[in-house]
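>
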Amino acid sequence: MTRYLVRRLVFLLVSLALASIVLFVLLRMLPGDPANALTSVGASPEQIAAARHSIGSDRPLPQQFAHWIGQLAGGDLGTSFVSSLPVGPEVAQRLNVTVPLTLSAFVLAVLIAVPAGFLAAYKRHTWYGALLNGVSQLGIAVPVFWLGMILIAVFALNAGWLPSGGFPQDGWDAPGDAISSLVLPVVTVALVMSASLIRYVRSAALDVLGSEYLRTARALGSSFGRAMWRHGLRNAAVPVISVLGIELASTLLGAVVVESVYALPGLGSLLATGIAQHDYPVIQGVLFVSTLAVLLIGFAADLVQRIVDPRLRGRLSGGGVR
Amino acid sequence: MKLRKKPLSAGVLTLALAVTLAACGGGAHGGGAANGAYDKNATVNIGSLYEPQNLDNTAGGGQGVTEALNGNVYEGLFRLTDAGKVEKLLAQDYKVSGDGLTYTFTLRDGVTFHSGKKLTSQDVKYSLEKVLAKDSQSARKADLEVVKDIATPDAKTVRVTLSKKSVSFVYNLSYVWVINSQAKELKTTEDGTGPYKLNKWTRGSALSLDRFAGYWGDAAKNKQVVFHYYKDATALNNALLTNGVDVVTSEQSPDALDQFKSQRNYKVNDGNSTTKLLLAFNDKAKPFTDVKVRQAVSAAIDDKKLLDSVWGGYGKLIGSMVPPTDPWYEDLTKVNAYDVDKAKKLLAEAGYAKGFSFTLDTPNYDPHPTVATFIKSQLAKVGITVEINTITPDQWYTKVYKNHDFTATLQEHVNDRDLVWYGNPDFYWGYDDKQVQNWIEQAERASTTDEQTELLKKANRKTAEDAASDWLYLYPQIVVANSKLSGYPVNGLNSQFFAYNIEKR
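Chains A and B supply the protein sequences, listed in that same order. Heads up: the first sequence at position 248 corresponds to 248 in the working numbering, and the numbers run straight through without jumps. Heads up: the second sequence at position 474 corresponds to 796 in the working numbering, and the numbers run straight through without jumps.
Dropping the structure here:
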């Protein structure tokens with residue numbers, strides 16, 4: 001196991017290094033000059049050159065890259081071109097919104113999807129089993145922003161129960177306000193996420209329900225509940241966990257949409273602003289942190305799978321997760 | 323999903339070469355009804371789409387920092403009121419020497435910074451030097467470069483010597499914040515003299531200001547104001563509907579206004595902005611080198627119909643570069659007014675009886691694509707074919723603004739007093755008229771504002787007659803507020819939003 005962990009960590013670091021190179025190069029390939037965002041009409045060529053110099057975009061790319069990597073190694077995400085304020089604290093502050101949002105939505109989605117998916121499989125011949133299946137299919141087609149707008153219209157504009165958006169200025173120092181402003185966004189993300197999860201849980205449950213080991217366990221006198229608990233759940237969990245990892249990662253990255261609808265000061269909205277302003281240090285900072293998070297999630301999913309399924313323990317990358 | 327577009331208007335075109343001291347306009351007047359007692363300890367929640375980049379207006383703070391801090395946290399020697407008038411603020415009095423080159427300012431007594439330090443002439447000198455510094459990104463830097471010397475004979479007196487006469491000097495000073503010369507960390511903190519001090523700025527979310535107990539003038543009429551920042555206009559309007567905010571500083575689309583107009587709880591204020599939408603010809607590119615062609619195109623487009631379709635009854639027709647809040651405004655909508663027959667006649671005279679075809683470089687964000695389509699259909703009626711070429715703000719800046727590589731383009735120009743760009747033959751639209759250049763130059767060297775106003779009126783009339791550009795319309799400045807509120811500014815001049823007179827019931 002130790003050997004596995006070490007190898008997995010090396011793999012993680014190499015991925016991160018590769019990702020940072022790709023990130024840096026792709027950004028520099030975008031058309032446009034970040035100095036344009038800094039200078040105003042009437043700016044002389046000297047002023048534009050001065051702006052380029054002050055943000056360092058006039059230096060050769062390898063040098064800029066080395067500078068960035070050097071900063072990263074020291075735990076510094078650099079300084080924004082536009083605001084000339086450090087990126088690190090900004091990203092940290094945004095994580096205060098995005099991480100609780102993503103994790104709560106994830107937990108809620110699992111709480112909805114696992115029972116619902118199992119029910120949809122177990123009761124697939126009844127009307128409500130079929131209904132669950134149909135609703136989840138429909139749910140996959142619903143865009144996050146549309147669901148968000150509907151929930152705002154119903155619960156904020158008409159009923160007035162919850163705020164329509166925003167996040168308290170005092171953040172988590174005002175826990176009541178912070179929680180109430182996250183309720184609708186969390187529900188929005190959780191519903192959309194659970195729609196696709198239900199389908200995975202259902203198909204995993206169907207496999208288990210039709211399996212020979214379950215029939216054998218039942219034949220040996222185990223009750224249905226006990227057989228499901230001892231054998232069914234473990235077997236069904238393996239494919240579901242890998243999907244969960246991917247879902248969690250994509251929710252983190254997809255936060256830009258829900259944050260825009262609910263006017264939340266999260267990582268996604270920071271990224272959107274950064275892109276609009278050609279603010280490379282901000283974009284790099286956000287994407288670097290997200291990449292790290294995605295890799296860690298993959299790692300965690302892998303680890304959990306190996307704990308759940310002893311058959312995977314001899315292999316490096318686990319049950320098909322990346 | 324609609325992310326906030328990158329506003330060229332706010333980002334790139336924020337610089338105006340301002341020319342003079344305003345002579346017109348009444349006192350500052352606010353929106354909303356004022357009756358009944360108001361709550362002196364109210365918190366006013368203001369919704370805005372323009373978050374500051376940082377809190378320093380000489381370090382690229384942007385439009386948002388002006389909106390939140392100008393007049394509220396920082397004050398200048400002079401103030402530009404919502405009606406466009408320049409008033410004395412931290413200057414108690416000033417004298418101009420006979421040759422117009424020396425300005426002697428006497429500072430107001432009893433002014434203290436939020437840190438508790440007393441205001442002295444050293445602070446004024448420091449603040450002016452900060453705007454003029456090498457690394458200053460202030461939009462007013464170029465205008466203030468006439469400053470040759472700043473002397474401080476005593477703690478109450480500042481004497482500024484100019485290298486040449488500049489009638490707009492006092493007006494330009496209304497953009498210069500007086501900052502404590504010992505203040506540090508101005509990108510995230512402040513030390514001004516205004517009626518509010520900064521409580522807290524949470525980037526990406528909100529900025530709150532508290533009433534300053536030691537203010538030299540009348541105390542603010544509310545205890546706290548909080549600017550809440552939104553990226554999405556729908557989310558902002560929802561916040562107004564759910565009392566998340568009390569007032570929206572500037573609505574950018576008419577779509578949402580009906581829901582507020584139909585309710586008694588809200589007031590929709592239709593103020594005068596200074597943002598003009600231009601069909602800018604390249605006056606150095608064929609066929610727009612010919613005055614008659616430019617006049618024909620201007621006459622062939624029904625501006626009123628366009629304004630109605632984009633803004634649904636809001637906004638104004640202008641007919642020139644000068645908005646009503648500039649002192650040299652006059653109604654020039656009759657010049658090159660909509661007249662299809664005249665347009666056809668002019669085209670025939672210019673030798674384009676059968677029309678011609680040109681490419682219109684169109685920025686890819688609202689309202690430009692809609693406007694381009696409208697222009698295309700209007701010009702088709704006089705035989706002109708328009709090829710619409712959609713470009714990003716960045717491409718616009720490089721292709722059109724820097725390289726002058728275009729035939730015609732659409733662009734919004736946000737600033738007040740920006741007629742003066744027509745006096746610069748190297749500006750992107752390439753309008754080159756010696757007489758207009760002379761008038762504009764003389765206007766800045768004028769001794770009185772009346773003289774300046776007369777000269778600029780002449781210049782404006784000439785550019786309008788020459789159809790130097792086609793000024794399609796003036797944007798409305800729409801402030802929507804809860805009817806509990808009164809005393810807020812309605813014109814949003816220079817993106818300012820003075821909060822100290824806001825009364826909340």
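In this text, a Cβ means the ideal position worked out from N, Cα and C, and glycines have one as well. Just so you know, these numbers come straight off a predicted model, no measurement behind them.
1. Quick check on A/I150: buried or exposed, where buried means 16 or more other Cβ atoms within 10 Å of its Cβ?
2. Going along chain B in order, which residues have a C-beta closer than 8 Å to the C-beta of A/I152?
3. If you drop the 5 nearest sequence neighbours on each side, which residues of the same chain put their C-beta closer than 6 Å to that of A/S104?
4. Would you say B/Y552 reaches chain A, if we count a Cβ-Cβ gap shorter than 8 Å as a contact?
5. Between B/F400 and B/A413, which are expected to be in contact by the criterion C-beta below 8 Å, what is the C-beta distance as a whole number of angstroms?
6. B/W523 lies in the beta strand (DSSP E); which residues open and close that run?
7. From which residue to which residue does the alpha helix (DSSP H) around A/N235 run?
8. Would you mind telling me which residues of chain A sit closer than 8 Å to B/N376, beta carbon to beta carbon, in chain order?
9. Cβ of A/A159 less than 8 Å from any chain B Cβ?
10. How do the segment 583 to 590 of chain B and the segment 287 to 303 of chain A stand: do at least 3 beta-carbon pairs fall below 8 Å, yes or no?
11. Mind listing the chain A neighbours of B/G566? Cutoff is C-beta to C-beta under 8 Å, in chain order.
12. Go through its chain and collect everything with a Cβ distance to B/P475's Cβ below 7 Å, but skip five positions before and after it.
13. Run down chain A in chain order and give the residues with a C-beta less than 7 Å from the C-beta of B/K519.
14. Cβ of A/E90 less than 8 Å from any chain B Cβ?
15. Between the Cα of A/I48 and the Cα atoms of B/F435, B/D457, B/Y795, B/S437, which residue gives the shortest distance?
16. For B/L629, which residues of its own chain have a beta-carbon under 6 Å away from its beta-carbon, when the five flanking residues on both sides are left out?
17. Would you say B/S808 lies against chain A (beta-carbon separation less than 8 Å)?
18. Give the range of the alpha helix (DSSP H) segment to which B/E409 is assigned.
19. Put B/E573 into one of helix, strand or coil per three-state DSSP.
20. Less than 8 Å between the CB atoms is what I'm expecting for B/V500 and B/E389, so what's the real figure, rounded?
21. In chain B, which residues lie with their C-beta within 8 Å of the C-beta of A/P281?
22. Cβ atoms of B/Q818 and B/G393: under 8 Å apart, would you say?
23. Taking all protein chains shown into account, do 16 or more other C-beta atoms lie within 10 angstroms of the C-beta of A/R306, making it buried, or fewer, making it exposed?
24. Would you mind reading off the limits of the beta strand (DSSP E) that contains B/I501?
25. My parser needs the beta strand (DSSP E) runs of 3 or more residues fully inside the segment 554 to 630 of chain B; what are they?
26. Counting only beta-carbon atoms, is B/S527 nearer than 8 Å to chain A?
27. Does any residue of chain A bring its CB to less than 8 Å from the CB of B/A790?
28. Counting C-beta neighbours from all protein chains within 10 Å, is the total for B/Q504 16 or more, i.e. buried, or is it exposed?
29. Verify the CB distance criterion: does B/T511 have a CB-CB separation below 8 Å to chain A?
30. Can you name the residues that DSSP bridges to A/T126?
31. Quick test of the definition: if touching needs 3 or more C-beta pairs under 8 Å, does the segment 599 to 611 of chain B touch the segment 766 to 782 of chain B?
32. In chain order, which continuous runs of the beta strand (DSSP E) of length 3 or greater are located wholly inside the segment 433 to 492 of chain B?
33. If you check the beta carbons only, do B/P714 and B/N686 fall under 8 Å apart?
34. Rounding to the nearest angstrom, what Cα-Cα distance links A/L244 and A/P310 in this structure?
35. So who's on the other strand from B/V366, going by DSSP bridges?
36. Could you please tell me which residues of the segment 381 to 404 of chain B, in chain order, have their CB closer than 7 Å to any CB of chain A?
Result, derived from the coordinates:
1. A/I150 is classed as exposed because its beta carbon has fewer than 16 other beta carbons within 10 Å across all chains shown.
2. Going along chain B in sequence order, the residues near A/I152 (Cβ under 8 Å) are N560.
3. Shown here for A/S104: same chain residues with a beta carbon closer than 6 Å to its own, the five before and five after excluded, namely V186 in chain order.
4. At least one chain A Cβ lies under 8 Å of B/Y552.
5. Going by Cβ atoms, the distance from B/F400 to B/A413 rounds to 6 Å, so yes, they are a contact pair.
6. Note, B/W523: beta strand (DSSP E), 518 to 524.
7. Its alpha helix (DSSP H) spans residues 233 to 253.
8. Near B/N376 (Cβ distances below 8 Å), the residues of chain A are S83, S84, L85.
9. Answer no: the Cβ-Cβ gap between A/A159 and chain B never drops below 8 Å.
10. The segment 583 to 590 of chain B, when compared against the segment 287 to 303 of chain A, does not touch it at the 8 Å Cβ threshold.
11. Per Cβ cutoff of 8 Å: P163, S164, G165, G166.
12. Within its own chain, the residues whose Cβ lies closer than 7 Å to the Cβ of B/P475, once the five positions on either side in sequence are excluded, are R481, listed in chain order.
13. Result: empty, since nearest Cβ-Cβ is about 16 Å, beyond 7 Å.
14. Yes, its Cβ sits closer than 8 Å to a Cβ of chain B.
15. Nearest in C-alpha terms to A/I48, of all of B/F435, B/D457, B/Y795, B/S437, is B/D457.
16. Contacts found: G637, Y795.
17. No, no contact with chain A.
18. Careful: B/E409 lies outside any alpha helix (DSSP H), inside the beta strand (DSSP E) at 408 to 410.
19. Note: B/E573 maps to coil in three-state DSSP.
20. Not quite, the Cβ-Cβ distance comes to about 19 Å (not below 8 Å), so this is no contact.
21. Going along chain B, no residue has its Cβ under 8 Å from A/P281, so there is no contact; the nearest lies around 13 Å.
22. Contact check for B/G393 against B/Q818 passes: the beta carbons are separated by less than 8 Å.
23. Burial call: buried.
24. Annotation for B/I501: no beta strand (DSSP E) segment contains it, and DSSP assigns it neither H nor E.
25. Entirely contained in the segment 554 to 630 of chain B, the beta strand (DSSP E) runs reaching 3 residues are, in chain order, 588 to 603.
26. By this cut-off, B/S527 is an interface position.
27. Answer no: the Cβ-Cβ gap between B/A790 and chain A never drops below 8 Å.
28. Per the 10 Å Cβ criterion, exposed.
29. Judged by the 8 Å Cβ criterion, B/T511 is not in contact with chain A.
30. A/T126 has no beta-bridge partner at all, per DSSP.
31. Counting Cβ pairs under 8 Å, fewer than three are found: no touch.
32. Taking only runs of at least 3 residues, the beta strand (DSSP E) segments lying wholly in the segment 433 to 492 of chain B are 469 to 476, 479 to 484.
33. The amino acid occupying residue 714 of chain B in the given sequence is Thr; Pro does not appear at that position. Between B/T714 and B/N686, the gap from beta carbon to beta carbon is short of 8 Å.
34. About 19 Å.
35. Looking at the DSSP assignment, B/V366 forms a beta bridge with B/V547.
36. Residues of the segment 381 to 404 of chain B with a C-beta less than 7 Å from any C-beta of chain A: A381, G382, listed in chain order.
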